[in-house]
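Down below is the structure, laid out as structure tokens.
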Amino acid sequence: MRPFGREELNSLYFDYPKFKAPEIDKKKEQTADIAIVGAGPIGLTAALTLAKYGVSSVILEAKDTFNDGSRAICIARQSFHIFDTLGVINQFTKKALGWTTGRSFYRGKQILEFDMPDDKNQKYRPMYNLEQQYIEKYLHDEAVKQPNIDIRWQSRVENINAEKDHANLEVNDPNQNYILKAKWVLAADGANSTIRNSMNLRLNGKNFEGRYIIADVQMKHDYPTIRRALFDPDCRRGGTVLIHKQPDDIWRIDYQITNDEDPLDAVKENTVRESISAVLADIGYSGPWELEWWSNYTANTLALDNYQHGPVFFIGDSAHIVPIFGVRGLNNGLADAQNIGWKLAFLLKEKATKKLLNSYTTERRGATLDVFANAIKSTRFMTPPSYGWLTMRDAALSLALRYKFAGELANPRQMEPYTYVNSQITVKDDKRFKSGPKPGAVIENFSTEDGFLSDDLETEFNIIWFGEKTSENTENLNLNIICIDPKSEIAKCYGAIDGSAYLIRPDMHIAGRWYKAELKSILSTYQKILNGEPL
Amino acid sequence: MEKIYEILAIKIDEFGKDKSNIFFAKLVLLLANELNDFDKIVSHIEEATLDLDN
Numbered sequence: 000m001r002p003f004g005r006e007e008l009n010s011l012y013f014d015y016p017k018f019k020a021p022e023i024d025k026k027k028e029q030t031a032d033i034a035i036v037g038a039g040p041i042g043l044t045a046a047l048t049l050a051k052y053g054v055s056s057v058i059l060e061a062k063d064t065f066n067d068g069s070r071a072i073c074i075a076r077q078s079f080h081i082f083d084t085l086g087v088i089n090q091f092t093k094k095a096l097g098w099t100t101g102r103s104f105y106r107g108k109q110i111l112e113f114d115m116p117d118d119k120n121q122k123y124r125p126m127y128n129l130e131q132q133y134i135e136k137y138l139h140d141e142a143v144k145q146p147n148i149d150i151r152w153q154s155r156v157e158n159i160n161a162e163k164d165h166a167n168l169e170v171n172d173p174n175q176n177y178i179l180k181a182k183w184v185l186a187a188d189g190a191n192s193t194i195r196n197s198m199n200l201r202l203n204g205k206n207f208e209g210r211y212i213i214a215d216v217q218m219k220h221d222y223p224t225i226r227r228a229l230f231d232p233d234c235r236r237g238g239t240v241l242i243h244k245q246p247d248d249i250w251r252i253d254y255q256i257t258n259d260e261d262p263l264d265a266v267k268e269n270t271v272r273e274s275i276s277a278v279l280a281d282i283g284y285s286g287p288w289e290l291e292w293w294s295n296y297t298a299n300t301l302a303l304d305n306y307q308h309g310p311v312f313f314i315g316d317s318a319h320i321v322p323i324f325g326v327r328g329l330n331n332g333l334a335d336a337q338n339i340g341w342k343l344a345f346l347l348k349e350k351a352t353k354k355l356l357n358s359y360t361t362e363r364r365g366a367t368l369d370v371f372a373n374a375i376k377s378t379r380f381m382t383p384p385s386y387g388w389l390t391m392r393d394a395a396l397s398l399a400l401r402y403k404f405a406g407e408l409a410n411p412r413q414m415e416p417y418t419y420v421n422s423q424i425t426v427k428d429d430k431r432f433k434s435g436p437k438p439g440a441v442i443e444n445f446s447t448e449d450g451f452l453s454d455d456l457e458t459e460f461n462i463i464w465f466g467e468k469t470s471e472n473t474e475n476l477n478l479n480i481i482c483i484d485p486k487s488e489i490a491k492c493y494g495a496i497d498g499s500a501y502l503i504r505p506d507m508h509i510a511g512r513w514y515k516a517e518l519k520s521i522l523s524t525y526q527k528i529l530n531g532e533p534l
Numbered sequence: 000m001e002k003i004y005e006i007l008a009i010k011i012d013e014f015g016k017d018k019s020n021i022f023f024a025k026l027v028l029l030l031a032n033e034l035n036d037f038d039k040i041v042s043h044i045e046e047a048t049l050d051l052d053n
């Protein structure tokens, strides 16, 4: 929502472009290998991932511009690695605000300062703040440069008919109605997914009690990029407030609507202004500020039981809705897009079989359930659902004023990427390894002479080989071999000896590792993964 | 033990019905942190639930 007198897209800092509908030259019946429904950050990431492998897609978007309001603002390290592989990272690092630290306060006193893991071996910071419009703009700027991405704005998908090996999408734009027959469909159309609804699929899970207002204000506030959580502050007794810095002097203020407030009144502009004034007074800001945008929010943990239905894959919010506190909504969606992106690309380039796609639900729904488990914990802390949870939360916060151990209970533990240990395409661990990242996990990055280990990864599968380069030729399989000195720090971190090897997937997850490796058996495993055969 | 019994009674009266729950929760967390024995603490929690008239 925008303040009175300002239109929906009238932003203080962002100029919304208006994209035209396709010209009238579309046939009544059209075909596409892949149709992506939704041009938000998830749909665009899927399209760019496919394009990177030379696979074409058509994006259908009902709106004529980017999403209104700043929405998702926290981008995790692994998402920056995704943007890195898509060639868009420079815009992000230039604009986004990196951060590592969070501070929690109880009744005005600081009870906890936590740092997320970060060191010189990390190419990117653990978290970055950036308004969602910029995320969409940077991805879109790159997508329009790609000849094999066809973005159709003002193109609403009215209905879908999913058959076994294709789906027909009924598309309406201002100039025509037509059927798009697609071999595969990626539904990236958000929490209120038309595709999901028209296929009569339901999200299952829980709704939580707490209600929040999410507001952005513009002000010259002098405070570093540190996430602040205020528990039971003077400005909102019994409530919780979260404060994030964003670029362009925009500050995100999330605050809980307390039990004695009327939820209908709480979303009104005057009430929002009063509430924000109180928060700003509480944090010692007395200068001028302007209200940019606000919205309301309830915490949910909802997901589809299966992310694949025939030729249709659900990615992002269409598949799962998670509470904001773990900052995994956008980040998990981006990982969904990358995951299905490389798998579909391998299939369409005839390097993999359809069976590979079965791992999408296992891996990405597994990641969602993991988020749920963590998010339920943090949601209970942020908005205690009952007297018992409230008593223990307040006891922990009150103790935390003097005891560090109690402050740790308030640590939101922003999550690391999910480990695909139970995936059908993850090899069982080689027990001879005493340390190092395990199969299913994301690689441990390392700074090297001229950059980072992650920079040496090529777009398809990679082998990290500890020892001399072998003479065997792997060119036909598109496998890149990175040779590393078995006496180096990297080898130590990977628990490797001379002759150890790791097989790395296109999304930086480890497919398997061998303590004393033979190239032949790695290649055979690689083929089995792509064929979807049991490992 | 009698002395502890007396101190707790006086504290409960001091904080009243409203705050004694949080007071007890804090006390348990402090003692649990000191004891640092998960199984023992859980078994004591279970014992404390016995014979409470509901």
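Chains D and F are the protein sequences, given in the same order.
In terms of numbering that gives the first Met the number 0, the first sequence opens at residue 0 and continues consecutively.
In terms of numbering that gives the first Met the number 0, the second sequence opens at residue 0 and continues consecutively.
Built from N, CA and C at the ideal position, the CB exists for glycine as well.
- Here I44 (chain F) is exposed: its Cβ has fewer than 16 other Cβ atoms, across all protein chains shown, within 10 Å.
- By the rule that beta-carbons nearer than 8 Å mark a contact, I44 (chain F) does not touch chain D.
- At a cut-off of 8 Å, the C-beta of L400 (chain D) has no neighbouring C-beta in chain F.
- Those residues of the region 379-400 of chain D placed with their C-beta closer than 7 Å to a C-beta in chain F are T390, M391, D393, A394, A395, S397, L398, ordered along the chain.
- Residue state for E135 (chain D) is assigned as helix, using DSSP reduced to three classes.
- Listed along chain D are T390, D393, A394, S397, each with a C-beta nearer than 7 Å to that of I21 (chain F).
- For P416 (chain D), same chain residues with a beta-carbon under 6 Å away, outside a window of 5 residues either side, are Q77, V441 in chain order.
- Using a CB distance cut-off of 8 Å, A405 (chain D) counts as an interface residue toward chain F.
- Sequence-distant Cβ neighbours of L346 (chain D) in its own chain, meaning closer than 8 Å and more than five residues away, are T352, K353, L355, L356.
- The Cβ of K25 (chain F) sits closer than 8 Å to at least one Cβ of chain D.
- Around S55 (chain D), the same chain offers A31, D32, I33, L49, N147, I148, D149 as residues with beta carbons nearer than 8 Å, after the five sequence neighbours per side are excluded.
- Annotated three-state conformation of D253 (chain D) is strand, per DSSP.
- Residue contact check for L51 (chain F) against chain D: no CB pair falls below 8 Å.
- Residue contact with chain D for L29 (chain F): present (Cβ-Cβ distance below 8 Å to some residue of chain D).
- The C-beta distance from P322 (chain D) to F230 (chain D) rounds to 17 Å, too long to fall under 8 Å, and the pair is not in contact.
- One Cα belongs to I275 (chain D), the other to I252 (chain D), and the distance between them is close to 8 Å.
- DSSP places V143 (chain D) outside both helix and strand once states are collapsed to three, so it counts as coil.
- In chain order, Y123 place their CB closer than 6 Å to the CB of F79 (chain D), counting only its own chain and leaving out the 5 sequence neighbours on each side.
- Annotation: D38 (chain F) to T48 (chain F) spans about 16 Å, alpha carbon to alpha carbon.
- Straight through space, the alpha carbons of E291 (chain D) and R235 (chain D) are spaced by roughly 21 Å.
- W464 (chain D) is positioned such that its CB atom lies no closer than 8 Å to that of C492 (chain D).
- Within the same chain, and ignoring the five residues on either side of P16 (chain D) in sequence, the residues whose Cβ sits closer than 7 Å to its Cβ are T64.
- DSSP places R226 (chain D) in the uninterrupted beta strand (DSSP E) bounded by 226-230.
- Your pair L333 (chain D) and P40 (chain D) checks out as a contact, with CB atoms roughly 7 Å apart and the cut at 8 Å.
- Look at the beta carbons and you see the region 272-286 of chain D not touching the region 155-169 of chain D: under three pairs across the two are nearer than 8 Å.
- Per DSSP, Q217 (chain D) lies in no alpha helix (DSSP H); the unbroken beta strand (DSSP E) holding it starts and ends at 203-217.
- Remark: C-beta atoms of I74 (chain D) and A187 (chain D) do not approach each other more closely than 8 Å.
- Here the alpha carbons of A495 (chain D) and Y4 (chain F) stand approximately 59 Å from one another.
- In the three-state scheme derived from DSSP, where H, G and I count as helix and E and B as strand, E60 (chain D) is classed as coil.
- Secondary structure in the region 164-200 of chain D: the beta strand (DSSP E) runs of 3 residues or longer, each lying completely within the stretch, are 166-172, 175-186 in chain order.
- Boundaries for T352 (chain D): no beta strand (DSSP E) harbours it, and the DSSP string shows neither H nor E there.
- DSSP places Q29 (chain D) outside any alpha helix (DSSP H); the residue lies instead in the beta strand (DSSP E), whose first and last residues are 28-36.
- N530 (chain D) sits in a helix when the DSSP states are folded into three classes.
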